[in-house]
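Notes follow the structure.
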Amino acid sequence: MLERGWRQRDVVTKAQPFLPPKRKFERHLISSWLSGRHMPDRINMDILARVFGKTIADLVPEGSATVIGQGEKAIQMSIATNGTARLKLDMELPADVAVQIMALAQKTQKDGKPA
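The sequence shown runs contiguously to residue 1485 in this note's numbering.
Next comes the structure, spelled out in structure tokens:
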């Protein structure tokens, strides 16, 4: 978006021809995607790919799944544009795996990087 000099409203305008009937595509959605608060669903990801003339794989590289699992018992990831991600983990794990995850998060935080 920045390399093309587009604002959020420009993306919304360019997305209109690709929208299915009764589908909304608003500026606040783009803002939440850019900030990493939410990832677009599959339909919106397809619309964004079309607007930018890219594929979904170009926008979300393979291996960056945003949800693993079902319902609340899942791992969710929101990727921000500043190179960070927010993870929500709600699932039963072996204790040693949970300890490793906590240790990695704590080490990352001590190194001065967001955890």
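We put the beta carbon where it would ideally sit given N, CA and C, even for glycine.
- Taking L1457 as reference, the option from R1374, V1467 and Q1446 with the minimal CA-CA separation is Q1446.
- Bounds of the alpha helix (DSSP H) holding R1412 are R1412 to F1422.
- Apart from sequence neighbours up to five positions away, the residues of its chain that approach I1413 with a beta-carbon distance below 8 Å are P1390 and R1393, ordered along the chain.
- Boundaries of the beta strand (DSSP E) harbouring R1456: A1455 to L1459, taken from the DSSP string.
- When only Cα atoms are considered, L1418 and S1448 end up about 17 Å apart.
- Note that the C-beta distance between M1371 and V1382 is not below 8 Å.
- Residue burial annotation: I1400 is buried, with at least 16 other C-beta atoms found within 10 angstroms of its C-beta.
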